[in-house]
Structures are given as structure tokens and as C-alpha cells.
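Residue numbers (our numbering), protein chains in the order written: chain A, 93 to 296; chain B, 93 to 296. Ideal Cβ positions, reconstructed from N, Cα and C, are used throughout, including at glycine. Remarks on the structure that follows.
Number of protein chains: 2
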Amino acid sequence: MEMEESAVAVIGDTRREALLEAAVGVFARYGFRKTSMDEVARAAGVSRQGLYLLFADKEELFRKALTYKLARQLSAVVVVLSRTGDGLEGRLIAACDEWAGQFIGTMGADAADLMCASTSLAGDTLAHYEALFERALAHAIEASPLLNFCTSAGVSSADAAKALHATARGLKHGSHSRQEFVRGMTAAARMFCAPLNPPASQKE
Amino acid sequence: MEMEESAVAVIGDTRREALLEAAVGVFARYGFRKTSMDEVARAAGVSRQGLYLLFADKEELFRKALTYKLARQLSAVVVVLSRTGDGLEGRLIAACDEWAGQFIGTMGADAADLMCASTSLAGDTLAHYEALFERALAHAIEASPLLNFCTSAGVSSADAAKALHATARGLKHGSHSRQEFVRGMTAAARMFCAPLNPPASQKE
DNA sequence: ACTTGACAAGATAGGCCTGTATTGTCCATT
DNA sequence: AATGGACAATACAGGCCTATCTTGTCAAGT
């Protein structure tokens, strides 16, 4: 419903961040229901009550942890996309890897529980950050020569970003290892950015 | 494990096909467990024993129905891809729509049950047909001028097909309607096929 | 500021039983 | 060839109870 988190509340307090980091790890491993506050506390090296001092209840902890993780991922995406040295292709690959490549081989049977909890407890936040991710991709495309080829093909930068995002999601669900994911993403990005690369004379 | 189904066993007997068609519909609606043989029989206008006359048990019926559906989808894909009039872009979009667009708005809470049953009861068949789908895409790419741009970009036709497949899967899971799916797929295909379209002078 | 120990309320997993629904198979019938 | 009726075996949903785990909140201690 509400999106009262300001960026300063998400990043800035190192203690809070350590707790959230630990929570992210435990939640990612065991899902939402099978994760106990005690487990998170032990993983963070904190007493169980130390958690309740900062977070009202388990649901809020989960929401804050998810938001924190999304913020960090988005931040990494933005950093990667703004690397001036690299070409667009490599930056798009790295961005999608930062966004979707993290927990590929690690998720077990609790993946469904995680997704369900994420959408039901913070569905709007998730959608918000996914939109921001696509906007970051679109922004990188707009700042590159690829934009001309997109628009001349009748594809807005937002549509191109959405397509890349879909590819990353499909590869995430179809790959068994992160390497496989990166390989597939590399092929997709090469196809997307083909107009940019040297026209490469017909016969090498 | 085994893949004893010959193509003639999958397609050719109209009565069998009618039963499988009905079974596909019911399974797609209610999943595997919540579907009863009686329901399938009624949907097919056949007695329950009529089913057991052709299929040993529920699991075999499901496996045969899934295989039948996959075979029909693949057949439609091949037909669409071989339409000589249309350009590659439109054919790729139509092919992915035939493959992944069918049951997009229709699946409810039993989707997980369906996927689980499909992979545990006929995982190898599923993988086999997915590979065939990708080969069909790759074949269409190889027979088009796009191949030159692919190979000059260091992407094999198989990799390009895999990327398209991933995009289709990602869009399938992210779209709420078939229209949305087709829109996303269109943007992706346009990006993939951009090198083919008229170079479109830089300014207009 | 954070921890420890303790607490009631509530959630959860498991066992057990029960009635119903489903499966797979028979046979007589058309 | 396919149907209908009937069948034992069994899978399944529901309720109920119990033991255990977890939650959220204390007060007291450092």
C-alpha cells in the first residue's frame, strides 16, 4: 500500500544493515514460514529481542529485508550501467546478472513460499523496484547509440528494457547454474546490440 | 526414461486424439491431482472404462495427453515458421505465441501442480520437445539473412533460439494477458531482427 | 543500548480416526 | 468395440486432539 521508506532509511545505519543482510540470507535459504526469528538472530549474532527492538514483527522484518536487498541490487545495477569504459552490451549483461543472477543455484523447495510471501507482503514494493530496474536499463539504452536503431525499428527504450527483463527472468527460471544464466544472457545481449557492433564485412 | 512414442502413435487416430484433446483441457483447468478420470470421460463424451481401454492408468493418460499437446504445439510452430510470405520477425513472434501463449490467462492455482506433475511424470519428454522447439527456431534463423549477423556477432543460431525461448518464458510468467505477451514478444523480436530491417536513414 | 530468562497466546506438525471420493479391475450387456 | 453396474483397495479431506515450536511482550540485569 504505502511506500514510506525514504532512501536514507534503507541505507545508512550499519547495524541495521548487518541485521537485514543476515535476514536476507536466512530468508533466501529457508523461505518465509520456515524461517524463525531465532534463526535470523543467531545468524546476525544478535539476541532475538534485538530484532524486535528494530522491527515490529516478522512480517516487517521480511518487508524491510526484501526492500533492502532490492535497493542494494538496484544500486549495483546503476553502478554497473554507468561504467563508462565498457560497451553497452557488457553493461546490460552485468546489470541483468546483478539483478537476477544472485540466487540461481541456491534456491530449493522454498522458492514458491518466498515468491508468495514477497508478492503478498510487499508486492507493490517489488513491482516498484522492478519498474526502477527497467527504467535504469531504458536509461542506459537511451544514452547509447542503440537508441537510434530501437526507435527506427519502432521499439521504445522502455519496451526494449522490458524485453531484456523478460529474457533475464526466463533465463533465471530455466538455468541450473549462474554460468548458464550468464551464457544465455550474453547471447541475448549480443543479439540486442548487434546493430552497434562493427558491421563485420559479410565474409569476415 | 524411455521415449517409445513414434509420431504415428501420437497423431493419426481420431478417436484417440479426441480423448487426448479433452484430457488436455481438463488437466489444464484443474491440474493433475484434482482431475478425476470421470471428469475427463464426461468431457470427452466417453465412459470411464473407455479411457482405461486406451490408457493403462491416470499417469499414462496424463503423459500421453501432454505429449500430444506438445506435438500439436510443435507442429503449429513448424507450420508458422515455414510461412514463406511473412518476414522472419513475424514468424518468430507467431511461433513463440503458438508455443507459450496458449494458456496464459487461464491457469489458476493449480499451475504449480501441473508443472510438478509434468516434470516428474514426463520431464524428459518435456525437455525433448523444448529442445525441438529451439531447433525449429534455430532452423528458421539459419534459413534467413539474420544468420550472417548472428555469426558475425559470435552467436550461434542455437544460442539465438535459446535466447528467444528464454524471452518467451519470461514474458509468459510476467504477463497477465495474451495481448501483453504478444506485445512484449513483438518488441523482443524487433530487437533481435533489427539488423534485417531497412537500415532506416539516421534521421527519419 | 543490549542481553537474558521467562511467559501466555498462538501457530504448527503429527497421529488417529472417519466418511467420502477415486482408482483400477471385473463381468454382463448391447 | 464400447457401455453400465458393481466391486475392493486406497487415496484423500476433515475433524480432533496432543506435543512441540514460534511469536510477541514482559521485567530484570549488565
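Per DSSP, reduced to three states, the secondary structure at F119/B is helical. According to the DSSP assignment, V172/A belongs to the alpha helix (DSSP H) that extends over K150 to L173. In chain order, R270 and F273 place their CB closer than 6 Å to the CB of G193/B, counting only its own chain and leaving out the 5 sequence neighbours on each side.
Rounded to the nearest whole angstrom, the CA to CA distance from T176/A to A235/A is 11 Å. The C-beta distance from A157/B to A115/B rounds to 4 Å, short enough to meet the 8 Å contact threshold. Take T211/B, set aside five residues on each side of it, and the residues of its chain with a beta-carbon closer than 7 Å to its own are L218, in chain order. Proximity of L263/B to chain A, defined by a Cβ-Cβ separation below 7 Å, is satisfied. Going by C-alpha positions, R140/B is about 26 Å away from T198/B.
For V169/A, the nearest beta carbon of chain B is not closer than 7 Å to its own beta carbon. Annotated as proximal: L288/B and L238/B, with beta-carbon spacing under 7 Å. Membership of M283/B in the alpha helix (DSSP H) is indicated by the continuous run R270 to F284.
T211/B: member of the alpha helix (DSSP H) spanning A203 to E234, first to last residue.
By the neighbour-count criterion, in which 16 or more other beta carbons inside 10 Å mark a residue as buried, S128/A falls on the exposed side. Of the candidates V171/B, K161/B and G266/B, K161/B places its Cα closest to the Cα of A214/B. Of R125/A, E222/A, E113/A and R275/A, the smallest CA-CA separation from V138/A is found for E113/A. Using beta-carbon distances, D251/B counts as an interface residue toward chain A, with a partner under 7 Å. The Cβ atoms of G276/A and A258/B sit closer than 7 Å to each other.
If you compare the alpha carbons of S167/B, D202/B, A230/B and K126/B with that of K150/B, the shortest gap goes to K126/B.
Scanning its chain for C-beta atoms nearer than 7 Å, with the 5 sequence neighbours on each side dropped, one finds around F147/A the residues L153 and K156, in chain order. In the displayed model, I196/A falls within coil according to three-state DSSP, outside both helix and strand. Interface annotation for the segment 190-206 of chain B against chain A: A204, criterion Cβ-Cβ distance under 7 Å. Between A228/B and V169/B the beta-carbon gap is near 5 Å, inside 8 Å, which marks them as a contact.
For R261/A, the closest C-alpha among the options V247/A, A280/A, A245/A and S248/A is that of A280/A.
Residue-level contact check: R282/A touches chain B, since one or more beta carbons of chain B fall below 7 Å from its beta carbon. Taking 9 Å as the Cβ-Cβ cut-off, the segment 116-136 of chain B has no residue approaching chain A. For P237/A, not one C-beta of chain B is nearer than 7 Å to its own C-beta. For V132/A, the secondary structure class from DSSP, reduced to helix, strand or coil, is helix. Chain-ordered, the chain A residues with CB closer than 7 Å to the CB of A279/B read V247, D251, A252, K254 and A255. The beta carbons of G123/B and D205/B sit about 4 Å from each other, so the pair counts as a contact at 8 Å. Put simply, the CB of F273/A is far from chain B, with every gap to its CB atoms at 7 Å or more. Out of G200/B, D251/B and R108/B, the CA that lies nearest to the CA of F284/A is found in D251/B. A255/B is the residue among A203/B, G266/B, A255/B and L143/B whose C-alpha sits nearest the C-alpha of I233/B. With a threshold of 16 other beta carbon atoms within 10 Å, C188/A meets it and is buried. Each of G179/A, Y221/A, I196/A and V247/A was checked against the Cα of R121/A, and the nearest Cα belongs to I196/A. Counting the other Cβ atoms within 10 Å of the Cβ of A201/A gives fewer than 16, which makes it exposed. Pairing A230/B with A203/B gives a Cβ-Cβ distance that is not under 7 Å.
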